[in-house]
Amino acid sequence: MKNIILGILGLGGLAGIAYLLTTFINKKSDILKAVHKITQDIGKKKVEVIEKKQIIVKQKIEDDERLSEQTKKEIVEIKKKANEEIKEILVKDNFKELAKEADELW
Amino acid sequence: MVKKIIILCLIISFLGVGCSPPKFIPKEPPIVQFERTPYYKADLTTIIQPEKPVYLWTDENFKPTSINDAKYLVLTKKEFAKFVAQLKIKETFKEIIGKQEVLINTNIDIINSLKEYVKLEQMKAKEYRDLWTDSENAYRQEKYYSELNNIMMKGFLGFISIGALVALIIAL
């Protein structure tokens with residue numbers, strides 16, 4: 114009878130040790146989970162910041178592309194205006210006007 | 020009573036299944052598309068070019084002579100206009116060069132922005148790689164602890180079961 118009681122107590126002790134060990138492992142696991150969550154949150158925030166910067170850069174590229182197209186149009190306009198003025202100059206039949214024009218352009 | 024306990028156990032197990040973590044769906048990155056820029060051609064042929072002027076070379080008495088003996092060059096209104104037109108063309112070219120400088124600098128700005136974009140993309144890739152590494156490490160660690168826990172639980176349960184069985188046999 115005494116042996117049985119001792120055996121049961123031994124088993125109880127064993128169960129207690131098992132409980133303590135699993136609790137210790139679970140606690141360690143919980144700390145790691147918390148650290149992982151923090152790392153993931155910080156990482157996600159960093160990615161979001163980078164993506165926001167990328168959107169700003171993309172916006173700048175699009176603005177520059179628009180400016181580039183605008184400049185190309187302006188060059189075409191300059192050519193058109195110049196052609197009209199050259200035509201006018203070539204048909205001018207007045208030395209005074211021509212000389213004035215030449216002085217301005219010199 | 021036994022039936023109720025079985026139903027309760029089934030409900031609890033269903034609840035456990037129902038509370039399983041939701042499937043992870045990653046955030047969609049912003050869609051970024053860049054159109055190909057066509058080549059630029061500085062077409063100056065569209066600018067009117069006057070015909071070559073006709074020169075009238077004269078000596079000191081303003082009498083027409085050959086180019087070798089000439090002292091003066093006489094221009095009619097029409098020929099003088101061609102020179103003025105050339106001055107206008109020169110001025111136009113100057114204006115176009117100014118605009119082309121703007122165009123080149125804008126394209127340099129675009130190139131620099133794209134370089135910055137690539138740098139940011141690399142940073143993002145590194146950050147994603149770090150997150151992936153962290154997740155993978157956390158998963159491995161969790162798996163290791165879970166397996167260790169399982170082994171320990173099974174081992175101790177086995178010990179206790181065998182011990183209890185032995186104690187039961189001795190008691191009988």
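Chains as they are written, first to last, in the numbering used here: chain A, 114 to 219; chain B, 20 to 191.
Glycine included, C-beta positions come from ideal geometry on N, C-alpha and C.
Fair warning: this is a prediction, and the values are worked out from it, not measured in the lab.
Tell me whether the beta-carbon of Pro48(B) lies closer than 8 Å to the beta-carbon of Glu164(A). Within the second sequence, the letter at position 29 stands for residue 48(B). Within the first sequence, the letter at position 51 stands for residue 164(A). In this structure, Glu164(A) lies closer than 8 Å to Pro48(B) by Cβ.
Can you list the residues of chain A that Glu114(B) reaches, using a CB-CB cut of under 7 Å? What you label residue 114(B) is simply residue 95 of the second sequence in a count that begins at 1. Within 7 Å Cβ-Cβ: Ile191.
For Trp76(B): DSSP bridge partner residues: What you label residue 76(B) is simply residue 57 of the second sequence in a count that begins at 1. BP columns for Trp76(B) point to Leu92(B).
Taking the Cβ atom as the reference point for each residue, do Ile199(A) and Ile108(B) lie within a distance shorter than 8 Å? Sequence index remark: in the first sequence, residue 199(A) carries index 86 (1-based). Sequence index remark: in the second sequence, residue 108(B) carries index 89 (1-based). Yes, these two residues count as a Cβ contact at 8 Å.
Can the beta-carbon of Lys185(A) be found closer than 8 Å to that of Tyr59(B)? Sequence index remark: in the first sequence, residue 185(A) carries index 72 (1-based). Sequence index remark: in the second sequence, residue 59(B) carries index 40 (1-based). Going by C-beta atoms, Lys185(A) is nearer than 8 Å to Tyr59(B).
Report yes or no: do the segment 123 to 138 of chain A and the segment 175 to 184 of chain B share at least 3 C-beta pairs separated by less than 8 Å? yes
Flag Phe137(A) as yes if its beta-carbon sits less than 8 Å from any beta-carbon of chain B, otherwise no. Taking the first residue of the first sequence as 1, we reach residue 137(A) at position 24. No - not a single Cβ of chain B is within 8 Å of the one on Phe137(A).
One or two residues paired with Pro83(B) in a DSSP bridge: Counted from its first residue, the second sequence places residue 83(B) at position 64. Paired residues: Thr77(B).
Within 10 Å of its beta-carbon, does Pro13(B) have 16 or more other beta-carbons around it, so buried, or fewer, so exposed? Nothing can be reported for residue 13(B), as the shown portion of chain B is limited to 20 through 191.
Considering Ala61(B), what are the terminal residues of the alpha helix (DSSP H) in which it resides? Reading the second sequence from its first residue, position 42 is the one you call residue 61(B). Per DSSP, Ala61(B) belongs to no alpha helix (DSSP H) and is neither H nor E.
Supposed close pair Tyr91(B), Phe81(B) - CB separation, criterion 8 Å: Within the second sequence, numbered from 1, the residue matching residue 91(B) stands at position 72. Within the second sequence, numbered from 1, the residue matching residue 81(B) stands at position 62. The pair is a contact, with the Cβ atoms about 7 Å apart (cut-off 8 Å).
Are the C-beta atoms of Ala147(A) and some chain B residue less than 8 Å apart? Within the first sequence, numbered from 1, the residue matching residue 147(A) stands at position 34. No, because no Cβ of chain B sits closer than 8 Å to the Cβ of Ala147(A).
C-beta contact flag for Val103(B) and Leu180(A) at 8 Å: Here the question's residue 103(B) lines up with position 84 in the second sequence. Here the question's residue 180(A) lines up with position 67 in the first sequence. No, they are not a contact pair.
Any chain A beta carbon closer than 8 Å to Val73(B): Residue mapping note: residue 73(B) aligns to position 54 of the second sequence, counting from 1. It does not: the Cβ of Val73(B) has no partner Cβ on chain A nearer than 8 Å.
Interface partners of Ile168(A) on chain B, CB under 9 Å: Counting from 1 along the first sequence, the entry for residue 168(A) is found at position 55. By Cβ distance, chain B contributes Pro49 and Val51.
If you run the structure through DSSP and keep just helix, strand and coil, what is Leu145(A)? What you label residue 145(A) is simply residue 32 of the first sequence in a count that begins at 1. In this structure, Leu145(A) counts as helix in the three-state DSSP scheme.
For the alpha helix (DSSP H) holding Phe208(A), just list the boundary residues, first then last. As a working mapping, residue 208(A) is identified with position 95 in the first sequence. Per DSSP, Phe208(A) belongs to the alpha helix (DSSP H) from Phe208 to Leu218.
Taking just the CA atoms, how far does Cys28(B) sit from Gln177(B)? Position 158 of the second sequence, counting from 1, holds the residue named residue 177(B). Position 9 of the second sequence, counting from 1, holds the residue named residue 28(B). Inspection of the sequence shows that residue 177(B) is occupied by Gly rather than by Gln. If you take the alpha carbons of Gly177(B) and Cys28(B), they lie about 24 Å apart.
Residues in the segment 114 to 130 of chain A with C-beta within 8 Å of chain B's C-beta atoms, listed in sequence order? Asn116, Ile117, Gly120, Ile121, Gly123, Leu124, Leu127, Ala128 and Ile130
Of the residues Lys192(A), Asp206(A), Glu201(A) and Asn207(A), the one placed nearest Glu110(B), counting alpha carbons only: Here residue 110(B) refers to the residue found at position 91 of the second sequence. Ranking Lys192(A), Asp206(A), Glu201(A) and Asn207(A) by Cα distance to Glu110(B) puts Lys192(A) first.
Kindly say whether Tyr59(B), judged by its beta-carbon, lies nearer than 8 Å to any beta-carbon of chain A. Within the second sequence, the letter at position 40 stands for residue 59(B). For Tyr59(B), the answer is yes, since a Cβ of chain A falls inside 8 Å of its Cβ.
Give me the subset of the segment 99 to 130 of chain B whose CB atoms are less than 8 Å from a CB atom of chain A, sorted by chain position. Phe99, Ala100, Lys101, Phe102, Val103, Ala104, Leu106, Lys107, Ile108, Lys109, Glu110, Thr111, Glu114, Ile115, Lys118, Gln119, Val121, Leu122, Thr125, Asn126, Asp128 and Ile129
Amino acids of chain B, ordered along the chain, whose beta-carbon sits closer than 8 Å to that of Asp143(A): Taking the first sequence and counting its residues from 1, the one referred to as residue 143(A) is at position 30. Within 8 Å Cβ-Cβ: nothing; Asp143(A) doesn't reach chain B, min ~10 Å.
Assigned secondary structure, Glu161(B) (DSSP; H/G/I helix, E/B strand, else coil): On the second sequence, position 142 is the one that residue 161(B) refers to. Three-state result, Glu161(B): helix.
Between the Cα of Leu203(A) and the Cα atoms of Ile31(B), Gln68(B), Lys173(B) and Gln119(B), which residue gives the shortest distance? Taking the first residue of the first sequence as 1, we reach residue 203(A) at position 90. When each option's Cα is compared against that of Leu203(A), the closest is Gln68(B).
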